[in-house]
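See below for the structure under consideration.
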Amino acid sequence: MLVNTLCAFSSDSRELYKADIYRVLALPTDHIVHFRYKKKYVDDNILSNVNSIKKQKVAIFFTHGNEIGNSENEYTHFSVRWATVSHFEISKETDVFHLYMRLGDFCNITLDSGNSIEKQVPSKFFSRLSCTEVSSENNWQSRINVLKGYFPDITFFHLKEIRNSWRKKSIHYKNDKKFSYYNLNHGDRYTLKMAVANPKNSDTKIEIMDSSEEITINCINPLETSIQFDDYDIPISVKTLQVLKQASLLQFKPKKVAEGSDEYLGEYATNIELNLRLSLTRPLIFGMFSTIAFWALLLAKPLSKTAEWPSTTLLFVSTLMFFVSSSSLFFWFNKK
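Each residue of the sequence shown is one higher than the one before, starting from 1 at the first, in the UniProt record's numbering.
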C-alpha cells in the first residue's frame with residue numbers, strides 16, 4: 001500500500017542514535033520517545049508549516065551506513081515502528097528541533113525510489129516521503145530479525161504492558177505530552193508482560209531495577225535467556241509508602257559479560273517513569289472499619305436510665321465526621 005508520510009530517521013553514526021532505536025523497540029505502545037535534530041536536518045517544508053505535523057503519523061526508520069566523514073556512504077533504511085507526533089519545539093538557545101512521538105504498531109515500510117535525494121539521509125533526517133507499506137513481517141520479532149546484525153551483542157526486550165489483577169494499566173502524559181508515566185498504587189501487585197530476544201545467543205542480560213527501592217521485582221535478576229525469542233510475565237509489588245505519592249523510574253539495563261564480570265551497556269538503558277501513589281480505596285475502607293469500631297464502642301458504653309440518645313441528625317453528622325477524619329488521616333498522613 002502506497003503512503004505519503006512523515007519519516008524520522010536515526011542512524012548508526014553514533015552509539016547513542018542506535019540506542020534510540022533500541023528504546024523504540026523496547027517501550028510499550030503509547031509511550032513517548034524523544035528524538036533531537038539540528039534544524040538543518042529537518043525538511044524545510046516542515047519548518048515552514050511546523051504546526052501542521054501535530055498528531056500526524058510518523059514512520060521511524062533505522063539507517064545503516066551513515067559513517068561520519070565518509071562521502072561514499074551507502075545507506076540502507078529499515079522501518080521500525082509507527083508513531084504519532086505528540087509535541088515538538090525548536091530551542092532558541094541551541095537551534096535543536098525536539099520531536100516527541102507516541103509509539104504505535106511495528107511496521108514494515110520501504111522508501112520509494114522516486115523520493116528526492118535532497119529530502120533523504122544524509123541531507124534530511126525528518127521529512128515527508130513516499131513509501132510502500134507491507135502487511136507481512138510487521139511485528140516485533142520481524143523487526144529484531146532485520147536489525148539484529150547492526151547492533152552489538154545485546155538482549156532485546158519489549159514491554160508489552162503493565163497489568164494489575166484485572167486490566168491493563170493506562171499510560172498518562174504530562175508537560176504537553178512530552179513525557180509519559182504509569183500510576184501504580186502502594187501495596188498492590190502488578191505484572192510486567194514482556195517479550196525478550198537473544199537472537200545471537202550472546203552472553204548478555206537485562207537487569208531490572210527501581211530507582212526508589214519501593215518496588216519488589218519477583219524474578220531472577222538480571223534476566224537472561226538463551227532462547228532467540230520468548231515471553232515473560234514478571235510479578236512486581238509496590239511497597240507500602242510513608243508518603244502520599246512518590247516518583248520512581250523502572251530501569252532496564254542491558255549487560256554483557258566482559259572479562260569475567262558484568263559490564264553495563266549504558267547508552268542502551270531504558271527508563272519508564274512511575275508515579276507511586278496511595279490508593280483512595282484503602283483509606284475509604286480504613287475509614288469504614290474505624291467508624292464501625294467507633295459505633296461498637298458507643299453501643300457498648302452503659303447508659304443511665306435518664307440519659308437520652310442524641311438526635312438522629314447529630315448522630316449522622318458525628319458519624320460522617322469520624323469517617324472523613326479517619327480516612328483523611330490515612331490518605332494524607334498515613335496515620336492508622
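Backbone N, C-alpha and C fix where the C-beta goes; we use that ideal spot for every residue, glycine too. This structure is a prediction, so every number in the text was calculated from the model and none was measured.
Pick from the options that is closest to residue i, judged by C-alpha positions
| i | options | result |
| --- | --- | --- |
| residue 102 | 33, 189, 272 and 202 | 33 |
| residue 42 | 89, 213 and 147 | 89 |
| residue 221 | 22, 86, 197 and 254 | 254 |
| residue 247 | 180, 21, 45 and 53 | 180 |
| residue 201 | 231, 170, 226 and 277 | 226 |
| residue 182 | 20, 272 and 234 | 272 |
| residue 178 | 168, 1 and 36 | 36 |
| residue 152 | 112, 19, 213 and 139 | 19 |
| residue 77 | 146, 47 and 45 | 146 |
| residue 165 | 212, 233, 171 and 214 | 233 |
| residue 231 | 170, 52, 198 and 111 | 198 |
| residue 4 | 115, 214 and 274 | 115 |
| residue 214 | 111, 224, 205 and 274 | 274 |
| residue 196 | 94, 224, 50 and 319 | 224 |
Opening and closing residue of the beta strand (DSSP E) in which residue i lies
| i | result |
| --- | --- |
| residue 8 | 2-11 |
| residue 207 | 204-210 |
| residue 232 | 229-238 |
| residue 172 | 171-174 |
| residue 197 | 189-197 |
| residue 277 | 270-277 |
| residue 215 | 215-217 |
| residue 254 | 245-258 |
| residue 184 | 179-185 |
Anticipated Cβ contact below 8 angstroms, residue i with residue j, distance rounded
| i | j | result |
| --- | --- | --- |
| residue 124 | residue 84 | In fact, because the Cβ distance is near 20 angstroms, the residues do not count as touching under 8 angstroms. |
| residue 148 | residue 194 | That belief does not hold up - the Cβ atoms of residue 148 and residue 194 are roughly 18 angstroms apart, past 8 angstroms. |
| residue 117 | residue 131 | The pair is not a contact, with the Cβ atoms about 16 angstroms apart (cut-off 8 angstroms). |
| residue 126 | residue 8 | 5 angstroms |
| residue 150 | residue 64 | 5 angstroms |
| residue 249 | residue 128 | Actually they are not in contact, since the Cβ atoms of residue 249 and residue 128 sit about 35 angstroms apart, beyond 8 angstroms. |
| residue 137 | residue 1 | Not confirmed; about 14 angstroms, so no contact. |
| residue 276 | residue 184 | 6 angstroms |
| residue 47 | residue 55 | 18 angstroms between Cβ atoms; not a contact. |
| residue 349 | residue 265 | Residue numbering for the chain in the displayed model covers 1 to 336; residue 349 lies beyond these limits and cannot be assessed. |
| residue 171 | residue 44 | Contact flag wrong, Cβ pair sits at about 33 angstroms. |
Cβ-based neighbour list, residue i, same chain, cut-off 8 angstroms, excluding 5 preceding and 5 following
| i | result |
| --- | --- |
| residue 15 | 267 |
| residue 300 | A caution first: residue 300 carries a pLDDT of 46, below 50, which makes its placement in the model too unreliable to give a value. |
| residue 26 | 156, 157, 158, 159, 252 and 270 |
| residue 168 | 161 and 162 |
| residue 73 | 65, 66, 67 and 122 |
Close Cβ partners of residue i (< 6 angstroms) along its chain, the five nearest in sequence each way excluded
| i | result |
| --- | --- |
| residue 237 | 189 and 216 |
| residue 163 | 191 |
| residue 141 | 229 |
| residue 187 | 240 |
| residue 209 | 251 |
| residue 104 | 82 and 83 |
| residue 100 | 32, 34, 86, 87 and 178 |
| residue 218 | 235 |
| residue 75 | 63, 65 and 121 |
| residue 173 | 180 |
| residue 263 | 256 |
Sequence-distant residues of the same chain with beta carbon closer than 7 angstroms to residue i, five excluded per side
| i | result |
| --- | --- |
| residue 17 | 10 and 11 |
| residue 203 | 256 and 257 |
| residue 207 | 221, 222, 253 and 255 |
| residue 79 | 59, 61, 107, 108 and 109 |
| residue 143 | 25, 80 and 106 |
| residue 23 | 33 and 270 |
Range covered by the alpha helix (DSSP H) that runs through residue i
| i | result |
| --- | --- |
| residue 15 | 15-26 |
Check: Can you give, in chain order, each stretch of the alpha helix (DSSP H) that sits fully within the segment 99-156 and has at least 4 residues?
Finding: Counting only runs of 4 or more, we get 140-147.
Notebook entry, point to check: Where are the beta strand (DSSP E) runs, 3 residues long or more, that stay fully inside the segment 37-76, in chain order?
Noted result: As summarised for the segment 37-76, the continuous beta strand (DSSP E) elements at least 3 residues long and confined to that stretch are 57-64, given in chain order.
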